[in-house]
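Q: Below: one structure in structure tokens.
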Amino acid sequence: MSGVLRVVESGWATTLQDLGRPGYQRQGVPVSGALDIVSLQLANSLVGNPPSMVAIEAAYTGPTLVAETYSVRMAVVGTPAKLERLPYAAAVISKPVAPNESFTLARGEALKVGTLQGGSVVYIAVEGGFDVPTVLGSAATDVRGGFGGWNGRALEPRDLLPLRLDSASASRERRMGDWPHKTRETFRVVLGPQADYFDTASIKTFLTERFTVSSQASRMGLRLNGAPINHARGYNITSDGIALGSIQIMGNGQPMIMLADRPTTGGYPKIATIISADMPDIGRLAAGNPVKFEAVSVAEAKYIREKWLDTVRRDMASITFLNTLDDVNLLDHNLISGVVGNNNWLEF
Amino acid sequence: MVPRILAAGDTALVVEFGETIDRDLSRRVAALDRLLLKSAIPGVLETVPTFRSLMVHYNPDQLDFEVLVRRVNHLVSGLVADQQVGRTWVLPVCYDDTMAPDIAMVAEAARLSRAQLIECHSATTYYIYMIGFLPGMAYMGDNPEELRLPRRETPRLKVPMGSLAIAMGMTSVFPQETPSGWHIIGRCPVPMWEQGRLGEPLLRACDEVRFKPVSVPDYGRIRAVLSDPDVELTPETIDRACR
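As you go down the protein sequences, you meet chains A and B in turn.
Residues 675 to 1022 in my numbering are what the first sequence spells out, letter by letter.
Residues 37 to 279 in my numbering are what the second sequence spells out, letter by letter.
Set out below in structure tokens:
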């Protein structure tokens, strides 16, 4: 019998996510998957997993999880939050846990992820991953469809998440350089596909105004507040496909950025689409965060994407084993390389 | 008529044949979809056919936007509207008040008796324009003129799985429980999308559907027969279950 992680507190909206289930949108099946695919892949790499493995995604406030297994190696990457390690779930004393490096909980110890600061999502990867079935090739939770992940729903207190390993491997802990993402305010978009549903003045409003993420923000999409954007030809269009990062202008003139759990089709005009390189940062936006848009061409987006992928590869390659005294010795003699990051399996 | 090709960010594009709901447009979308799948262009990840456009998701690291646009334009130039006929389904529907919370209101708005409404809705052959919004949710049209009502002002937070719903020109059977602003006029006992059993949705774009009124006891009986995971769901097995 393998071990489990017991959920003591579930957090605000905590789900299991991987890179989602593309390929089934023609059947009406949403893609789902991690809102910040870079942090997910870094967290997995820190515990020695393939980067695309299923991990816990927590939003706004994190969970408290108890190791009910011999031992379990974990890593937390994403929006900064207070991370504590408790000798048992109800303990009053705690030790801080560093983000961006792996650590191992012994049986009975708990990880407590507090309130996220300045953003909305963080990833908790466990070595070996969770023993949950895949649905249409992915273990991502589709909450609206009620399938995938852990019983097709967000985690609840008393859930027992089955682990694939019953103890941490003998590997040393790993760490990466500083978490690479800085909070940003300006996001790049390609105008369209329905920019022609808006007049020049509305496009100008869209590209110059500062918007704020509203409290109506979920894995499906982020509603923004700001100066209304007027539709030139009404706000009902014949439904068509919705790409990741698509920005719909709703009936009230407010934008909504469509995220991983978006429906496959929809009937609001889409003024612009966030470029792929900026989506992980969009995925971490929280209610209250400011947002501005800057238009780029598809060719510029491709160039930005290439630069972005280079930095992601560098971050992955920055993962090293934490050195012990012996290692320092060996490194001095050039006998081992500290670099262990493996980006062969990176997927975007 | 030449379709417009529009960028949807840097990882998808839209081939837009028009802006309206029209069977000829829908068949052209289906034809391009089939051609694109057949040409298996490296870097094309998936295609999503809708009423009037085809969304093509691609990997920009593998396939350049301009190259893809040229390939699509080339395919479009040789396109003939898909004349391929889909399958024909006769789906049982129970229009009883207990399963049709909006039927009285819809009948009143349409100035029809309940019986006339059922007759009117079930005498129409519907064409499936697209699958979307929810796994396996088919947009079928076109509703008879009398039954074209705007959506409810206040959407219901929970509509049961299998609900037969109408709004504007469209009819659908909800594959799962969902919030919805559509008018519920019946319930269908045939599963539309059962993860793990059907593999893919029951209905496909270009299929045709008619609805056959059944009683409450028949609804229960048909549902029991078809919920057997060993029963394959085909137009024939559904027809047999209805007898």
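Ideal Cβ placement from N, Cα and C applies to all residues, glycine included.
1) The beta strand (DSSP E) that contains A/A885, what's its start and end?
2) Just curious, the alpha helix (DSSP H) that B/H157 is in, first and last residue?
3) List the endpoints of the continuous beta strand (DSSP E) containing A/P836.
4) Identify which residue in A/N910, A/L679, A/A708 and A/G702 has its Cα closest to the Cα of A/L693.
5) Classify B/A174 as buried or exposed, calling it buried when 16 or more other Cβ atoms lie within 10 Å of its own Cβ.
6) A/D840 by DSSP, collapsed to three states: which one?
7) Would a C-beta distance cut-off of 9 Å place B/P225 and B/L238 closer than the cut-off?
8) Nearest by alpha-carbon distance to B/I154: which of B/L200, B/D264 and B/P196 is it?
9) Of all the options A/Y734, A/Y762, A/S676 and A/P773, which has the alpha carbon lying nearest to the alpha carbon of A/I1024?
10) By the 7 Å beta-carbon criterion, what residues does the region 195–217 of chain B contribute toward chain A?
11) Among A/E974, A/P696, A/F880 and A/P724, which has the Cα closest to the Cα of A/E801?
12) Quick one: complete alpha helix (DSSP H) runs, 4+ long, within the region 897–982 of chain A?
13) What are the residues of the region 859–876 of chain A that lie near chain B, defined by any Cβ-Cβ distance shorter than 7 Å?
14) Does the beta-carbon distance from B/A117 to B/R70 come in below 9 Å?
15) Using only alpha-carbon positions, find the residue among B/V252, B/G217, B/P85 and B/I258 that is nearest to B/D138.
16) Do the CB positions of A/G1036 and A/L933 come within less than 9 Å of each other?
17) Can you grab the Cα-Cα spacing for the pair B/F280 / B/V252, in whole Å?
18) Is there contact here, the region 724–740 of chain A with the region 777–790 of chain A, by at least three beta-carbon pairs under 8 Å?
19) What residue does the alpha helix (DSSP H) around A/K878 start on, and which one ends it?
20) Determine the chain A residues that contact B/A145 at a beta-carbon separation under 7 Å, and present them in chain order.
21) Should the region 845–863 of chain A be regarded as contacting the region 686–700 of chain A, the criterion being three or more beta carbon pairs within less than 8 Å?
22) Rounded to whole angstroms, what is the Cα-Cα separation between A/V1002 and A/V970?
23) Which value, in whole angstroms, describes the spacing of the CA atoms of A/E758 and B/L90?
24) With a threshold of 6 Å on Cβ separation, who are the neighbours of B/A43 within its own chain once the five nearest residues in sequence on each side are excluded?
25) Per DSSP, A/V795 forms a beta bridge with which residues?
26) Tell me the DSSP secondary structure of B/T56 in three-state form.
27) Let me make sure I understand the geometry here. Which of B/R88, B/V38, B/G45 and B/V126 has the alpha-carbon closest to that of B/A159?
28) Is there a C-beta anywhere in chain A that falls below 9 Å from the one on B/V103?
29) If you draw a straight line from the alpha carbon of B/D254 to that of B/M197, how long is it in whole angstroms?
30) Kindly provide the ranges of any alpha helix (DSSP H) runs that are 4 or more residues long and lie completely inside the region 105–156 of chain B, ordered along the chain.
31) Does the ligand PLP have a heavy atom nearer than 8 Å to the CB of A/D833?
32) Closer than 6 Å by C-beta to A/L679: which residues in its own chain qualify, once you throw out the five before and the five after it? Chain order, please.
33) Excluding the five sequence neighbours on either side, which residues of its own chain have a C-beta within less than 7 Å of the C-beta of A/G1015, listed in chain order?
34) Going straight from the alpha carbon of A/D833 to that of A/Y977, what length do you get?
35) Can you check whether the C-beta of A/K981 is within less than 9 Å of a C-beta belonging to chain B?
36) Using the beta-carbon count (16 or more within 10 Å), is B/H93 buried or exposed?
A: Inspection of the coordinates gives the following:
1) Here residue 885 of chain A is taken as the residue at index 211 of the first sequence, counted from 1. The sequence given here places Phe at residue 885 of chain A; Ala does not occur at that position. Residues F885 to A891.
2) For the purposes of this step, residue 157 of chain B is identified with residue 121 of the second sequence, where counting begins at 1. It spans R150 to S158 - the alpha helix (DSSP H) in which B/H157 sits, taken as one unbroken run.
3) Within the first sequence, numbered from 1, the residue matching residue 836 of chain A stands at position 162. Start and end: L834 to P836.
4) Here residue 693 of chain A refers to the residue found at position 19 of the first sequence. Of the listed residues, the one whose Cα sits closest to A/L693 is A/A708.
5) As a position in the second sequence, residue 174 of chain B is number 138, starting the count at 1. Classification of B/A174: buried, given that the 10 Å Cβ count is 16 or more.
6) Counted from its first residue, the first sequence places residue 840 of chain A at position 166. Three-state DSSP puts A/D840 in coil, outside helix and strand.
7) Counting from 1 along the second sequence, the entry for residue 225 of chain B is found at position 189. Counting from 1 along the second sequence, the entry for residue 238 of chain B is found at position 202. No; because the gap between Cβ atoms is not below 9 Å, this pair is not in contact.
8) Walking along the second sequence from the start, residue 154 of chain B turns up at place 118. Residue B/L200 is the option with its Cα nearest to B/I154.
9) Limits of chain A in this structure are 675 at one end and 1022 at the other, which puts residue 1024 of chain A out of reach.
10) Q212
11) In the first sequence, counting from the first residue as 1, residue 801 of chain A sits at position 127. The option with the nearest alpha carbon to A/E801 is A/P724.
12) 953–957
13) V864, G866 and P867
14) On the second sequence, position 81 is the one that residue 117 of chain B refers to. On the second sequence, position 34 is the one that residue 70 of chain B refers to. No.
15) Here residue 138 of chain B refers to the residue found at position 102 of the second sequence. When only C-alpha atoms are compared, the closest one is B/G217.
16) There is simply no residue 1036 of chain A to check, as chain A begins at 675 and stops at 1022 in what is shown.
17) The structure shown does not extend to residue 280 of chain B, since chain B is modelled only from 37 through 279, so no value can be given for it.
18) yes
19) Sequence index remark: in the first sequence, residue 878 of chain A carries index 204 (1-based). Residues T874 to T882.
20) Stepping through the second sequence from its first residue, residue 145 of chain B is reached at position 109. Under the 7 Å cutoff, chain A gives no residues; its nearest Cβ is about 20 Å from B/A145.
21) no
22) To locate residue 1002 of chain A, count along the first sequence from 1; it is residue 328. To locate residue 970 of chain A, count along the first sequence from 1; it is residue 296. Below a pLDDT of 50, predicted positions are generally treated as unreliable, and A/V1002, at 47, falls in that range; no measurement from the model is reported.
23) Start at 1 with the first residue of the first sequence, and residue 758 of chain A comes out as number 84. Start at 1 with the first residue of the second sequence, and residue 90 of chain B comes out as number 54. Between A/E758 and B/L90, the C-alpha separation is close to 49 Å.
24) Looking up residue 43 of chain B in the second sequence gives position 7. Answer for B/A43: L49, listed in chain order.
25) By 1-based counting over the first sequence, the position of residue 795 of chain A is 121. Answer is A/A733, bridged to A/V795.
26) Within the second sequence, numbered from 1, the residue matching residue 56 of chain B stands at position 20. Coil.
27) For the purposes of this step, residue 159 of chain B is identified with residue 123 of the second sequence, where counting begins at 1. It is B/V126 whose Cα lies nearest to the Cα of B/A159.
28) Taking the first residue of the second sequence as position 1, residue 103 of chain B is located at position 67. By this cut-off, B/V103 is not an interface position.
29) Here residue 254 of chain B is taken as the residue at index 218 of the second sequence, counted from 1. Here residue 197 of chain B is taken as the residue at index 161 of the second sequence, counted from 1. Each residue's alpha carbon lies about 18 Å from the other.
30) 139–146
31) Questions concerning the ligand PLP fall outside what the structure shown contains, since it holds no ligand whatsoever.
32) Reading the first sequence from its first residue, position 5 is the one you call residue 679 of chain A. Cβ within range, chain order: L739 and L835.
33) In the first sequence, counting from the first residue as 1, residue 1015 of chain A sits at position 341. Below a pLDDT of 50, predicted positions are generally treated as unreliable, and A/G1015, at 44, falls in that range; the measurement from the model is reported next regardless. The residues are S719, M990, A991, S992 and I993.
34) To locate residue 833 of chain A, count along the first sequence from 1; it is residue 159. To locate residue 977 of chain A, count along the first sequence from 1; it is residue 303. Between A/D833 and A/Y977, the C-alpha separation is close to 44 Å.
35) As a first step, residue 981 of chain A is located in the first sequence; it is residue number 307 there, counting from the start. False, the Cβ-Cβ gap to chain B never drops below 9 Å.
36) By one-based count along the second sequence, residue 93 of chain B stands at place 57. Classification of B/H93: buried, given that the 10 Å Cβ count is 16 or more.
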